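Protein chains in written order, with my numbering: chain A, 14 to 368; chain B, -14 to 247. Since the structure comes first, as structure tokens, the remarks are kept for the end.
In structure tokens form, the structure reads like this:
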């Protein structure tokens, strides 16, 4: 087991910069999600750590040992592929045994280790099956067992749950997390599914256009996004743009929005504020007195989407559509066309430098 | 209802006509190899005389063995070289790869008559001359593109992640090839080998140019024998070859389904 340090890693394919000066410290035993849209470089980064491709610049260290020029078969990593990449000509047990077998381990050791790995992923009785006789979730487990049976230093997962349906995916998320905790292996997980990243990982790295946009624990990134991209890519956010007042911004129409979190910016600079839709309270024009210090905006409901446990209101205000999510508490629902007041606290408002 | 039945009936008739077209000449030839009359005269009278005299015909037998040997060696060489070349073309990006791949197809399209003439002239020029070795070289050159094309087609269905997965588990290049890639392309290799065997064993034109009176192959020998005067021994040897090669084909088709999934 070992941590992974990536320092100043760059990789170009022709004129395209797939990775641009990326540095991340993956702590020993941690569960790390690399999140980003397609083409953001997250898979390129994973493949660099695995050793499928070598960097143009920068350093990769596994357990303190520089590996950026070490070929993949010598890196002692375990990898789970998006399409599982199980060997079709081998049984489940032979698939799992492959890594031990190419190392020339004795047969008895292999058999015992394979059984242990299959038991760990709860497939102990399916060793003699062929991959094509398994369901998607079972193949996923075989791929995982095959990757961890060799006791790799790092476990790399490339969108491993992407091919599963929603219910199975949630099961596998829990399962994967359990196995990871049980063996305590450093795990790096590539996904474009923000929910998956939020629920599973200790830390998240968000990538965009080959650069690391922000990294940290899920709560920190969600509550304190440092860019408009991070705010809108991980979860939903209302973005207001204007000029910094030092502790908030002033919109073009003169309305001030107070921000209690985020960057410290000099007054006058271009800046944005981000507010999560579930942090905004929505009420009819009459009633509810102003809470002190609250940000207040008036608008009109243009659309309501009912989703069972909550409703999303789209509120028109000065040419901007704001999103508000309200839990279904049984309170009266607001009609489309209704004039409303939106209130939220400055503590829920994050100040972000423009650009 | 009635039209469907008529169509069904027509369809069956068509299949039977097709099979008759393919097999009737062969069946007649096989029957005549057991007929007393050397001139295809009826009524049919059973004999194995022609097989007995075939046994005495050293020229025909030695040509048959030449053909078998050359076809087997050609198959082995082409399968080894062709599979290796296909893997190289699949795995590696190198200068001129596309160009090399494109160059594989013209030899299949060039008439054998022209290839044969070119080889005859070339082999004389470089001192190889004619004979069994020249025939073997010629056959390898003719059959190699078939193997590469068939194996490459099979490789197109191979998922490159399988090799990556094997390497990530610590397998070196040989282990990857031996345990993952080769098992996958094996049906293609078998099919390619069959093609190579057929190209060599059926080869007349190129063999004709490159053979000498003592060193010749079966098709060339049959041609020479027919020119001297047809004998039913040729029916007999052809029947034996048909039975053996059909058995081979059926076995392979049974076990490998020609490059399809298992």
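Every residue, glycine too, gets a C-beta built ideally from N, C-alpha and C. These numbers were taken from a predicted model, which means no experiment stands behind them.
The beta strand (DSSP E) enclosing residue i, as first and last residue numbers
i	result
residue 29 (chain B)	Run containing residue 29 (chain B): none; DSSP gives neither H nor E here.
residue 92 (chain A)	90 to 93
residue 18 (chain A)	17 to 26
residue 2 (chain A)	Residue 2 (chain A) cannot be examined here, being either before or after the span of chain A that is shown, 14 to 368.
residue 329 (chain A)	323 to 330
residue 253 (chain A)	251 to 257
Neighbouring residues, chain B, relative to residue i (Cβ below 7 Å)
i	result
residue 112 (chain A)	154 and 155
residue 408 (chain A)	With chain A covering only 14 through 368, there is no way to say anything about residue 408 (chain A).
residue 90 (chain A)	153
residue 102 (chain A)	168 and 169
Enclosing alpha helix (DSSP H) for residue i [first to last residue]
i	result
residue 233 (chain A)	231 to 236
residue 165 (chain B)	Looking at the DSSP string, residue 165 (chain B) is not in any alpha helix (DSSP H), and its letter there is neither H nor E.
residue 113 (chain B)	Per DSSP, residue 113 (chain B) belongs to no alpha helix (DSSP H) and is neither H nor E.
residue 129 (chain A)	120 to 133
residue 67 (chain A)	Unbroken run through residue 67 (chain A): none, as it is neither H nor E.
residue 202 (chain B)	Taken as a continuous stretch (DSSP letters only), residue 202 (chain B) belongs to no alpha helix (DSSP H), as it is neither H nor E.
residue 190 (chain A)	179 to 196
residue 153 (chain B)	145 to 153
residue 313 (chain A)	Segment 308 to 319 is the beta strand (DSSP E) holding residue 313 (chain A); no alpha helix (DSSP H) there.
For residue j and residue i, the rounded distance between their alpha carbons
i	j	result
residue 172 (chain B)	residue 162 (chain B)	15 Å
residue 310 (chain A)	residue 244 (chain A)	21 Å
residue 234 (chain B)	residue 102 (chain A)	24 Å
residue 186 (chain A)	residue 138 (chain B)	38 Å
residue 198 (chain B)	residue 87 (chain B)	37 Å
residue 287 (chain B)	residue 191 (chain B)	Nothing can be reported for residue 287 (chain B), as the shown portion of chain B is limited to -14 through 247.
residue 174 (chain B)	residue 35 (chain B)	38 Å
residue 224 (chain B)	residue 112 (chain B)	38 Å
residue 75 (chain A)	residue 17 (chain A)	5 Å
residue 245 (chain B)	residue 288 (chain A)	At residue 245 (chain B) the pLDDT is 45, less than 50, meaning the model places this residue with poor confidence; the figure from the coordinates comes in the next sentence. Rounded to whole angstroms, residue 245 (chain B) to residue 288 (chain A) spans 56 Å at the Cα level.
residue 19 (chain A)	residue 61 (chain B)	49 Å
residue 59 (chain A)	residue -1 (chain B)	59 Å
residue 193 (chain A)	residue 201 (chain A)	11 Å
residue 184 (chain B)	residue 229 (chain B)	16 Å
residue 88 (chain A)	residue 63 (chain A)	7 Å
residue 154 (chain B)	residue 147 (chain B)	11 Å
residue 114 (chain A)	residue 123 (chain A)	7 Å
residue 229 (chain A)	residue 242 (chain A)	15 Å
Secondary structure of residue i, DSSP reduced to three states
i	result
residue 266 (chain A)	coil
residue 140 (chain B)	helix
residue 335 (chain A)	strand
residue 221 (chain A)	strand
residue 97 (chain A)	coil
residue 239 (chain B)	helix
residue 151 (chain A)	helix
residue 341 (chain A)	coil
residue 22 (chain B)	coil
residue 274 (chain A)	strand
residue 3 (chain A)	Since the first residue shown for chain A is 14 and the last is 368, residue 3 (chain A) is missing from the structure and cannot be characterised.
residue 90 (chain B)	coil
residue 227 (chain A)	strand
residue 115 (chain A)	helix
residue 43 (chain B)	helix
residue 101 (chain B)	helix
residue 353 (chain A)	strand
residue 30 (chain A)	strand
residue 102 (chain A)	coil
residue 214 (chain A)	coil
residue 294 (chain A)	strand
residue 362 (chain A)	strand
residue 241 (chain A)	helix
residue 123 (chain B)	helix
residue 107 (chain A)	helix
Neighbour list for residue i in chain B, Cβ cutoff strictly below 8 Å
i	result
residue 98 (chain A)	144, 146, 147, 149 and 150
residue 116 (chain A)	155
residue 163 (chain A)	154 and 155
residue 322 (chain A)	The contacting residues do not exist; residue 322 (chain A) stays about 39 Å from chain B at best.
residue 94 (chain A)	146, 149 and 150
Where residue i meets chain B, residues with beta-carbon distance less than 9 Å
i	result
residue 192 (chain A)	Those do not exist, as residue 192 (chain A) stays about 18 Å from chain B at its closest Cβ, beyond 9 Å.
residue 159 (chain A)	150 and 154
- prompt: What are the residues of the segment 119 to 144 of chain B that lie near chain A, defined by any Cβ-Cβ distance shorter than 9 Å?
  reply: If the cut-off is 9 Å between Cβ atoms, the segment 119 to 144 of chain B has 144 near chain A.
message: Beta carbons nearer than 8 Å to chain A: which residues of the segment 146 to 175 of chain B have them?
response: Those residues of the segment 146 to 175 of chain B that come within reach of chain A (Cβ to Cβ, closer than 8 Å) are 146, 147, 149, 150, 151, 152, 153, 154, 155, 156, 157, 160, 164, 165, 168 and 169.
query: Along the segment 62 to 76 of chain A, what residues have a CB closer than 9 Å to any CB found in chain B?
result: Taking 9 Å as the Cβ-Cβ cut-off, the segment 62 to 76 of chain A approaches chain B at 63, 64 and 65, given in chain order.
- prompt: Can you list, in chain order, the residues of the segment 235 to 250 of chain A whose Cβ is nearer than 9 Å to any Cβ on chain B?
  reply: Flagged: no residues at all.
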